[in-house]
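Quick note, the sequence shown lines up with residues 328 to 756 if you use my numbering.
Working notes for the structure below.
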Amino acid sequence: MTDLTRRRFSELAGASLLSLAATPLFAPAALGQTKPKLVVIGGGPGGGTVARYVNKEGAGAIEVTLIEPQRRFTTCFFSNLHVGGYRNFASITHGYDKVRKEGVNVAHEMVTAIDRDKKQVVLSGGRRLPYDRLVVAPGIDIKWDSVPGYSEAAAQTMPHAWKPGPQTQLLVKKLNALKDGDLIVMIAPPNPYRCPPGPYERASMFAHVLKSKGHKKSKIVILDPKPNFSKQAVFTEGWEKHYPGMIEWQDPKVHGGIKGVDPKTGEVKTDLATHKAKLVNVIPAQMAGKIARDANLANDSGFCPIDPASMKSKMDTNIFVVGDACIPGDMPKSAFSANSQAKVAAMVIRGELANARTFPARYSNTCWSLIETDDDIKIGANYEATADKIGTVAGSGFVSQRGEPADVRKKNYQESVDWYNGIVADVFG
Ligand SMILES: Cc1cc2nc3c(=O)[nH]c(=O)nc-3n(C[C@H](O)[C@H](O)[C@H](O)COP(=O)(O)OP(=O)(O)OC[C@H]3O[C@@H](n4cnc5c(N)ncnc54)[C@H](O)[C@@H]3O)c2cc1C
């Protein structure tokens, strides 16, 4: 998968079937007739994509309302590049003006409840919005108590930065204040979590900043509850090449168990040792956003089961769950996945509400990670609905290999930039 242009991105993400430019295959609602109503909760890559695709491709036949509390959305994806100094904060922050101009009703409020019996959502301002179909795409919530001593208040001292915005800015501020010889400790999350390679790309970006500042003695210790991680072989090769001796990854066999953190002292305790760090990045366990759990759309895993052929909730056939909040089978939780799932949901919704033609669900994902300037690695696959999950299409998977030439890695980076430009255009117009 080389030369990933915007057009190619659209094809890979399933948009070839659902091109925004495609002529609607159904008659728009007759004048005066009440339009069917779609309400979308969450304006990230999952919800934002559904809202735009249903609105544009439905050519006004479906009334689309997007509820997102934030006026400006900072992307988690590419936030590690901001940490590394490759992107400024403004470049990863986007608004909804174009989405609104295209005809989507955008309300900057929280949804406080879903009344599934009445098919209504309740907004923080008190309004009740009826829906014919509802998309729930609230992303993740942090499981604060998964790391003893950690809490929402502690995140002001030991940022997680796994939800973007002020947390990312705090992390960058703390990183830039470090002196040579200071210690960074990252606590990596257990599966499943958003962006499997994300913690390890972030550690690479920490190292890139320290190296750029001439640090010789600073160290980064990653305490992992998992025995292995995404793209491990190529990450560790890159760390040895670019940052020898700087990044130390410890699995449970080495650290013996993560006992907890003390935000007052900056200490992190494991069975093996107590680390006193100047920067502690705690990335706790995760679950579906509160609104999905409160509406009983999640199971015991904390995430929401879906029908792999349609992205419909297994708990309610009028509701779709896309993005990080769902249980995506073999797909990782990523913006690429959320965008791909959203296109399937948009197609099914147009089929049900406007008699548009539908096709078998196809999904895809690629996750790129930058290790050092122009040294970018990737992993990805195509997916399809199987009887019980979204499963990997046999033979479609690919992953970067050790020892690849520099031009391959540089091309990966350009692909990732093209992908970013493509997906933000898809979500925010
Ligand atoms: C450091 C980092 C790096 C990453 N890098 C990549 C990458 O390179 N590539 C990639 O593909 N993915 C990457 N990801 C993962 C990606 O950011 C997520 O998978 C993606 O954002 C999920 O999209 P979503 O729409 O499900 O949720 P979100 O993006 O979290 O959007 C959910 C939205 O719902 C809103 N919301 C929540 N509750 C309510 C409510 N009750 N009412 C109304 N609105 C609500 C929130 O305000 C939020 O805006 C990265 C993540 C991290 C943390």
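Where a beta carbon is used, it is the ideal one built from N, C-alpha and C, also for glycine.
Pair every Cβ in the region 630 to 648 with every Cβ in the region 509 to 516, then say whether three or more of these pairs are closer than 8 Å. No, because fewer than three Cβ pairs between the region 630 to 648 and the region 509 to 516 fall closer than 8 Å, the two stretches do not touch.
For the region 597 to 609 against the region 477 to 490, do three or more pairs of beta-carbon atoms, one drawn from each stretch, fall closer than 8 Å, so that the two count as touching? A contact exists between the region 597 to 609 and the region 477 to 490.
Does the region 521 to 541 come within contact of the region 397 to 408, defined as at least 3 CB pairs closer than 8 Å? Judged by Cβ distances under 8 Å, the region 521 to 541 makes contact with the region 397 to 408, as three or more pairs qualify.
For P351, three-class secondary structure by DSSP: Low confidence applies to P351: its pLDDT is 41, below 50, so where it sits in the model is not reliable enough to give any reading.
Check the DSSP bridge columns for D589 and list the partner residues they point to. According to DSSP, which records beta bridges pairwise, D589 is partnered with E594.
Contained alpha helix (DSSP H) runs [length at least 4] in the region 482 to 513, N- to C-terminal order: Within the region 482 to 513, the complete alpha helix (DSSP H) runs of at least 4 residues are 493 to 503.
Between which two residues does the alpha helix (DSSP H) holding P372 run? Per DSSP, P372 belongs to the alpha helix (DSSP H) from P372 to E384.
Given 6 Å as the limit, tell me if F755 has its C-beta closer than that to any heavy atom belonging to ligand 1. It does not: the Cβ of F755 is nowhere closer than 6 Å to a heavy atom of ligand 1.
Close Cβ partners of G616 (< 6 Å) along its chain, the five nearest in sequence each way excluded: Shown here for G616: same chain residues with a beta carbon closer than 6 Å to its own, the five before and five after excluded, namely P465, G466, D468 and A652 in chain order.
Within 7 Å, strictly: CB atoms of A672 and I441: No. Outside cutoff.
Going residue by residue through the region 665 to 753, where are the continuous beta strand (DSSP E) segments of at least 3 residues, counting only ones entirely within it? The DSSP assignment places complete beta strand (DSSP E) segments of no fewer than 3 residues inside the region 665 to 753 at 689 to 699, 702 to 712 and 717 to 719, in order along the chain.
Local conformation of P655 per DSSP, three classes: Secondary structure of P655 (DSSP, three-state): coil.
Cα-Cα separation between Q397 and T495, rounded to whole angstroms: Cα-Cα distance, rounded: 16 Å.
With a threshold of 6 Å, establish whether the CB of R521 neighbours any heavy atom of ligand 1. Yes, ligand 1 has a heavy atom inside 6 Å of this Cβ.
Does the beta-carbon of E479 have 16 or more other beta-carbons within 10 angstroms, so that it is buried, or is it exposed? Under this definition E479 is an exposed residue.
DSSP three-state assignment for I610, whether helix, strand or coil: I610 falls in the coil class under three-state DSSP.
What does a CB cutoff of less than 6 Å around T576 pick up in its chain, not counting 5 residues either side in sequence? It is Trp, not Thr, that sits at residue 576 in the sequence shown. Within the same chain, W576 has close Cβ partners I549.
At the level of alpha carbons, what is the spacing between Y458 and V366? Each residue's Cα considered, the two are about 6 Å apart.
Contact check, V433 vs I676, beta carbons under 7 Å: V433 places its beta carbon 7 Å or farther from that of I676.
Would you check if there are 3 or more beta carbon pairs closer than 8 Å linking the region 623 to 631 to the region 416 to 428? With the cut-off at 8 Å, the region 623 to 631 and the region 416 to 428 do not touch.
Using the rule of at least 16 other Cβ atoms within 10 Å of the residue's Cβ for burial, across every protein chain shown, is F725 buried or exposed? A residue is called buried when at least 16 other Cβ atoms come within 10 angstroms of its Cβ; F725 does not meet this threshold and is exposed.
Residues near E594 by beta carbon distance below 6 Å, same chain, minus five either side: Once the five neighbours on either side are set aside, the close Cβ partners of E594 are T601 and K603.
Check whether the Cβ of A662 lies closer than 6 Å to any heavy atom of ligand 1, and answer yes or no. Yes - ligand 1 has a heavy atom lying nearer than 6 Å to the Cβ of A662.
Helix, strand or coil for V431? Go by DSSP, reduced to three states. DSSP, read as helix, strand or coil, puts V431 in coil.
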